[in-house]
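>
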Amino acid sequence: MSDISTKNSSITDVNRSLYDFTKEEKDVEKLASGLTEEIVRQISAKKNEPAWMLDHRLKSLQIYNELKVPNWGPDISGLDINNIVTYVRPNTKMAAKWDDVPEDIKDTFERLGIPDAERTSLAGVGAQYDSELVYHNIQESVAEKGVIYSGIEEALSGPYAEMIEKHFMKLVPSTDHKFAALHGAVWSGGSFVYVPPYTDVEIPLQSYFRLNSPGAGQFEHTLIIVDKGARLHFIEGCSAPKYNVANLHAGCVELFVGEEAHLRYSTIENWSKNMYNLNTKRAKVEKNGVMEWVSGSFGSHISYLYPMTILNGEYAKSEFTGITFAGEGQNLDTGTKILHNAPHTSSVISTKSLSKSGGISTFRSAVTVTEKAHKSKTSVSCQSLMLDDKSRSDTIPLMDVRCNDVNVGHEASIGRIDDDAVFYLMSRGLSEEEAKTLIVNGFANPISKELPLEYAVEMNNLIRLEMEGSIG
Numbered sequence: 001m002s003d004i005s006t007k008n009s010s011i012t013d014v015n016r017s018l019y020d021f022t023k024e025e026k027d028v029e030k031l032a033s034g035l036t037e038e039i040v041r042q043i044s045a046k047k048n049e050p051a052w053m054l055d056h057r058l059k060s061l062q063i064y065n066e067l068k069v070p071n072w073g074p075d076i077s078g079l080d081i082n083n084i085v086t087y088v089r090p091n092t093k094m095a096a097k098w099d100d101v102p103e104d105i106k107d108t109f110e111r112l113g114i115p116d117a118e119r120t121s122l123a124g125v126g127a128q129y130d131s132e133l134v135y136h137n138i139q140e141s142v143a144e145k146g147v148i149y150s151g152i153e154e155a156l157s158g159p160y161a162e163m164i165e166k167h168f169m170k171l172v173p174s175t176d177h178k179f180a181a182l183h184g185a186v187w188s189g190g191s192f193v194y195v196p197p198y199t200d201v202e203i204p205l206q207s208y209f210r211l212n213s214p215g216a217g218q219f220e221h222t223l224i225i226v227d228k229g230a231r232l233h234f235i236e237g238c239s240a241p242k243y244n245v246a247n248l249h250a251g252c253v254e255l256f257v258g259e260e261a262h263l264r265y266s267t268i269e270n271w272s273k274n275m276y277n278l279n280t281k282r283a284k285v286e287k288n289g290v291m292e293w294v295s296g297s298f299g300s301h302i303s304y305l306y307p308m309t310i311l312n313g314e315y316a317k318s319e320f321t322g323i324t325f326a327g328e329g330q331n332l333d334t335g336t337k338i339l340h341n342a343p344h345t346s347s348v349i350s351t352k353s354l355s356k357s358g359g360i361s362t363f364r365s366a367v368t369v370t371e372k373a374h375k376s377k378t379s380v381s382c383q384s385l386m387l388d389d390k391s392r393s394d395t396i397p398l399m400d401v402r403c404n405d406v407n408v409g410h411e412a413s414i415g416r417i418d419d420d421a422v423f424y425l426m427s428r429g430l431s432e433e434e435a436k437t438l439i440v441n442g443f444a445n446p447i448s449k450e451l452p453l454e455y456a457v458e459m460n461n462l463i464r465l466e467m468e469g470s471i472g
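The opening residue of the sequence shown carries number 1 in the UniProt record's numbering; numbering runs sequentially from there.
As structure tokens, this is what we get:
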């Protein structure tokens with residue numbers, strides 16, 4: 001496997017300052033690199049799983065070996081699974097108090113601001129370090145409503161075991177693509193959420209995933225079930241320090257939105273720029289349900305990420321709001337998929353992408369309107385801004401409409417920063433760098449205003465840091 005280049009521009013150096021700190025690996029348990037049946041059995045044995053889960057892992061391994069690597073997107077030939085360690089266990093058990101988390105791991109999450117966010121604005125937090133959860137907690141007032149928020153492995157052996165078996169990798173089967181099969185074989189860690197009928201979780205829950213080990217993969221599984229009439233906002237964050245070898249993220253998110261239920265799923269992703277991010281996210285929405293995605297993608301060397309919504313019940317709705325920023329050495333292939341599979345369903349897709357310093361940003365949308373989806377409507381809008389003449393931005397929309405009485409719209413624009421706007425702002429006393437940063441922040445504002453305040457601040461800060469030193 002060829003190493004990812006370690007050459008950094010000043011922009012990248014500044015941008016990674018918050019995330020590019022490493023911790024010495026102390027007494028960690030690592031399995032051998034590569035992917036074999038023995039490794040899959042070892043992972044299952046360490047978790048003392050039910051027999052059906054081991055069977056699922058082994059079937060997924062077989063499917064992985066049969067499927068081919070995708071060849072329609074960015075080149076991932078630099079990723080060699082034989083050099084990836086699929087399981088790294090930190091030397092600790094999951095804790096419900098930060099004081100019980102080992103000091104070096106706790107310091108990592110303190111520097112990322114997770115405990116402080118939990119104290120001020122979250123109803124519960126799960127924190128994963130490499131392959132295992134190290135912390136999980138939910139406010140007592142939320143738990144008293146019957147809301148379940150736990151590690152998914154913990155829930156596998158509890159009263160919700162049957163619910164997990166019924167839903168696990170049913171939206172994203174191992175046959176979906178090669179890296180879904182990889183996930184099914186070696187998944188580890190992740191969260192389980194169940195919100196009972198007509199329960200409103202007024203404060204968000206959050207899971208944060210930190211990959212510390214060089215040359216490792218992270219394969220967490222998030223399963224969320226929002227029952228009839230319930231409401232939830234779930235936030236996902238992730239980061240890793242940069243190494244000169246490839247790391248891999250192939251997680252899976254499955255979201256079940258019941259009748260009249262409402263789920264918002266927000267993500268700020270700032271993986272290191274040696275990361276291959278091959279993540280799969282999918283939601284199914286029943287009658288009168290609402291699914292909202294808010295997605296910010298700033299990291300990774302290569303990214304394949306297309307959250308999908310299946311509108312399965314009459315009057316179900318979906319909104320996808322996303323922003324992608326591709327800098328030097330990044331090829332981010334992102335977008336979303338919508339399946340209208342019932343009458344009177346509706347979807348709105350609004351995305352913005354920025355590229356600079358030779359970065360490549362590709363937006364793909366796939367909207368399918370089936371024969372069942374009478375009187376449905378969908379709107380797709382994608383805007384791309386290139387900050388120099390070295391960068392690239394592509395838009396690849398797909399519309400598959402199999403019903404006549406529907407309303408389908410699509411618009412796309414790709415452009416550069418207006419020199420006249422920069423000149424005007426400079427005439428008002430701003431430097432060229434400040435002027436361009438102001439324009440970029442204005443471009444991204446419709447996305448940032450959809451995020452919780454602290455995450456909007458983080459997103460705007462990431463954009464500002466990416467822009468620093470970009471002139472000349």
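The beta-carbon is built from N, C-alpha and C at its ideal position, and this holds for glycine as well.
Decide if the segment 199-217 is in contact with the segment 129-142; the criterion is three or more beta carbon pairs, one per stretch, under 8 Å apart.
Contact between the segment 199-217 and the segment 129-142 is present, because at least three Cβ pairs lie under 8 Å.
> Starting from valine 172, trace the alpha helix (DSSP H) in both directions and tell me its first and last residue.
Locating residue 172 in the sequence shown gives position 172, counting from the first residue. Valine 172 -> no alpha helix (DSSP H), and no H or E assigned at all.
> Note down the Cα distance separating proline 214 from serine 77, rounded to an integer number of angstroms.
Within the sequence shown, the letter at position 214 stands for residue 214. Within the sequence shown, the letter at position 77 stands for residue 77. So the alpha carbons of these two residues sit roughly 18 Å apart.
> From lysine 93 to glutamine 128, what does the alpha carbon distance come to, in whole angstroms?
Position 93 of the sequence shown, counting from 1, holds the residue named residue 93. Position 128 of the sequence shown, counting from 1, holds the residue named residue 128. For lysine 93 and glutamine 128, the distance between alpha carbons rounds to 11 Å.
> Using CA atoms only, rank isn't needed, just tell me which of Glu260, Leu223, Asn244 and Asn270 is closest to valine 253.
In the sequence shown, residue 253 corresponds to position 253, counting from 1. Checked all of Glu260, Leu223, Asn244 and Asn270; the closest Cα to valine 253 is Leu223.
> Going by the DSSP bridge assignment, what does isoleucine 235 pair with across the sheet?
On the sequence shown, position 235 is the one that residue 235 refers to. For isoleucine 235, which the question treats as bridged, DSSP gives the partners Gln206 and Ser266.
> What's the gap between the Cα of leucine 156 and the Cα of alanine 45?
Residue 156 sits at position 156 when you count from the first residue of the sequence shown. Residue 45 sits at position 45 when you count from the first residue of the sequence shown. Their Cα atoms are separated by approximately 14 Å.
> Considering only residues of the same chain and omitting the five flanking positions on each side of asparagine 460, which have a CB-CB separation below 8 Å?
Position 460 of the sequence shown, counted from the start, is the residue given in the question as residue 460. Same-chain partners within the cutoff: Asn441, Ala444 and Ser448.
> What is the DSSP secondary structure of glutamine 139, reduced to helix, strand or coil?
Here residue 139 refers to the residue found at position 139 of the sequence shown. Coil.
> With distances taken between CB atoms, is the gap from proline 90 to glycine 146 smaller than 8 Å?
Position 90 of the sequence shown holds residue 90. Position 146 of the sequence shown holds residue 146. No. Outside cutoff.
> For the beta strand (DSSP E) that contains threonine 92, what are its first and last residues?
Translated into positions along the sequence shown, residue 92 becomes position 92. Careful: threonine 92 lies outside any beta strand (DSSP E) and carries neither H nor E.
> Going by DSSP, what residue range makes up the beta strand (DSSP E) through alanine 412?
To locate residue 412, count along the sequence shown from 1; it is residue 412. Here the beta strand (DSSP E) through alanine 412 covers 407-416.
> In whole angstroms, give me the CA-to-CA distance for glutamate 286 and alanine 342.
For the purposes of this step, residue 286 is taken as the residue at position 286 of the sequence shown. For the purposes of this step, residue 342 is taken as the residue at position 342 of the sequence shown. If you take the alpha carbons of glutamate 286 and alanine 342, they lie about 9 Å apart.
> So, do the segment 369-378 and the segment 394-404 have three or more beta carbon pairs nearer to each other than 8 Å?
A contact exists between the segment 369-378 and the segment 394-404.
> Just to confirm the assignment, what range does the alpha helix (DSSP H) spanning tryptophan 52 have?
Start at 1 with the first residue of the sequence shown, and residue 52 comes out as number 52. It spans 51-66 - the alpha helix (DSSP H) in which tryptophan 52 sits, taken as one unbroken run.
> Examine the Cβ distances between the segment 268-280 and the segment 179-196 and report whether three or more of them are shorter than 8 Å.
Yes, the segment 268-280 is in contact with the segment 179-196.
> Beta carbon of valine 85, beta carbon of serine 33: below 8 Å?
One-based indexing of the sequence shown puts residue 85 at position 85. One-based indexing of the sequence shown puts residue 33 at position 33. Cβ atoms of valine 85 and serine 33: closer than 8 Å.
> Nearest-angstrom Cα distance between serine 353 and asparagine 48?
The count along the sequence shown starts at 1 and reaches residue 353 at position 353. The count along the sequence shown starts at 1 and reaches residue 48 at position 48. Roughly 44 Å separates the two Cα atoms.
> Considering only the alpha carbon of each residue, which of Arg111, Ile349, Val257 and Glu38 lies closest to tyrosine 194?
For the purposes of this step, residue 194 is taken as the residue at position 194 of the sequence shown. If we check each option's Cα against that of tyrosine 194, Val257 comes out closest.
> Taking the beta strand (DSSP E) that alanine 373 belongs to, which residues open and close that run?
For the purposes of this step, residue 373 is identified with residue 373 of the sequence shown, where counting begins at 1. It is not in any beta strand (DSSP E) - alanine 373 carries neither H nor E in the DSSP assignment.
> Using DSSP's beta-bridge definition, name the partner residues of leucine 354.
Translated into positions along the sequence shown, residue 354 becomes position 354. Answer by DSSP bridge pairing, in chain order: Phe325 and Leu385.
> My guess is that histidine 340 and leucine 305 are in contact by the Cβ rule of under 8 Å, so how many angstroms apart are they, rounded?
Position 340 of the sequence shown, counting from 1, holds the residue named residue 340. Position 305 of the sequence shown, counting from 1, holds the residue named residue 305. Not confirmed; about 21 Å, so no contact.
> Based on DSSP bridge pairs, tell me the residues matched to serine 318.
Indexing the sequence shown from 1 puts residue 318 at position 318. Answer is Met291 and Ser347.
> Skipping 5 residues on each side, what residues in its chain have a beta carbon closer than 8 Å to that of tryptophan 52?
Translated into the one-based positions of the sequence shown, residue 52 becomes position 52. The answer, listed in chain order, is Glu165.
> Among residues of its own chain, excluding the 5 on either side of alanine 412, which ones have a beta-carbon nearer than 6 Å to its beta-carbon?
The sequence position of residue 412 within the sequence shown is 412, counting from 1. For alanine 412, where only same-chain residues beyond five positions count, the Cβ hits under 6 Å are Cys382 and Thr395.
> From which residue to which residue does the beta strand (DSSP E) around phenylalanine 256 run?
As a working note, residue 256 is residue 256 in the sequence shown. Where phenylalanine 256 is concerned, the enclosing beta strand (DSSP E) stretches over 252-257.
> Taking the alpha helix (DSSP H) that aspartate 420 falls in, what are its first and last residues?
As a position in the sequence shown, residue 420 is number 420, starting the count at 1. Per DSSP, aspartate 420 belongs to the alpha helix (DSSP H) from 419-427.
> Would the segment 232-248 and the segment 97-111 be scored as touching if the rule is three or more Cβ pairs under 8 Å?
Counting Cβ pairs under 8 Å, fewer than three are found: no touch.
> Going by DSSP, which residues form a beta bridge with methionine 308?
To locate residue 308, count along the sequence shown from 1; it is residue 308. Answer by DSSP bridge pairing, in chain order: Arg282 and Lys337.
> Can you round the beta-carbon distance between serine 131 and glutamine 42 to whole angstroms, since I take them to be within the 8 Å contact cut?
The sequence position of residue 131 within the sequence shown is 131, counting from 1. The sequence position of residue 42 within the sequence shown is 42, counting from 1. Wrong, their Cβ atoms sit about 12 Å apart, outside the cutoff.
> Pick out whichever of Leu171, Arg264 and Asp80 has its Cα sitting closest to the Cα of serine 318.
What you label residue 318 is simply residue 318 of the sequence shown in a count that begins at 1. When only C-alpha atoms are compared, the closest one is Arg264.
> If distances are taken between C-alpha atoms only, which option among Ile302, Phe209 and Gly335 comes closest to leucine 112?
The residue labelled residue 112 in the question sits at position 112 within the sequence shown. Checked all of Ile302, Phe209 and Gly335; the closest Cα to leucine 112 is Phe209.
> Between which two residues does the beta strand (DSSP E) containing phenylalanine 192 stretch?
Residue 192 sits at position 192 when you count from the first residue of the sequence shown. Counting along the chain, the beta strand (DSSP E) containing phenylalanine 192 begins and ends at 191-195.
> Nearest-angstrom Cα distance between serine 393 and isoleucine 323?
Position 393 of the sequence shown, counting from 1, holds the residue named residue 393. Position 323 of the sequence shown, counting from 1, holds the residue named residue 323. Their backbone Cα atoms lie some 13 Å apart in a straight line.
> Apart from the five residues on each side of it in sequence, which residues of its chain come closer than 6 Å, Cβ to Cβ, to isoleucine 388?
Locating residue 388 in the sequence shown gives position 388, counting from the first residue. In the sequence as displayed, the identity of residue 388 is aspartate instead of isoleucine. Taken in chain order, the residues that qualify are Lys356.
> According to DSSP, is aspartate 200 helix, strand or coil?
Sequence index remark: in the sequence shown, residue 200 carries index 200 (1-based). DSSP places aspartate 200 in strand when its eight states are reduced to three.
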